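K.L.:
Going by the numbering used here, the first residue of the sequence shown is number 1, and it counts up by one from there.
For each residue, glycine too, the CB sits at the ideal point set by N, CA and C.
In this text the structure is predicted, and so the values were computed from the model without any measurement.
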Amino acid sequence: RNAYVHHLVVKRVAPSSAGSAGWLLFVGMGFLSAAVVLAIVNASRYLTPAITGPLVVVGVVTLVAAFFVGRR
């Protein structure tokens with residue numbers, strides 16, 4: 001997270017926007033990681049649209065938001 005924030009600040013993004021983008025990146029990667037771990041642990045039980053779907057959707061939405069917030 002800090003490396004991404006530093007990278008954005010070097011690219012002349014406002015520190016507050018860079019911090020928000022960093023947290024969004026962290027949360028997005030966390031949700032996607034949770035979906036992957038649940039799928040690996042017990043694919044027959046957790047690899048269903050009702051469980052994995054929301055985790056993936058929230059993860060992708062936060063990663064897209066991190067990209068757009070980091071562009072300001």
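Roughly how many angstroms separate the alpha carbons of Y4 and L24, rounded to a whole number?
P.N.:
11 angstroms
K.L.:
Looking only at its own chain, which residues have a Cβ that is under 6 angstroms from the Cβ of V27, when we skip the five neighbours before and after it?
P.N.:
Here the set comprises T62.
K.L.:
Can you give me the start and stop residues for the alpha helix (DSSP H) that G22 sits inside?
P.N.:
P15 to V41
K.L.:
Taking only the alpha-carbon atoms, compute the straight-line gap between R72 and L38 and give it to the nearest angstrom.
P.N.:
The straight-line gap from Cα to Cα measures roughly 34 angstroms.
K.L.:
Any idea what DSSP makes of L63, helix, strand or coil?
P.N.:
helix
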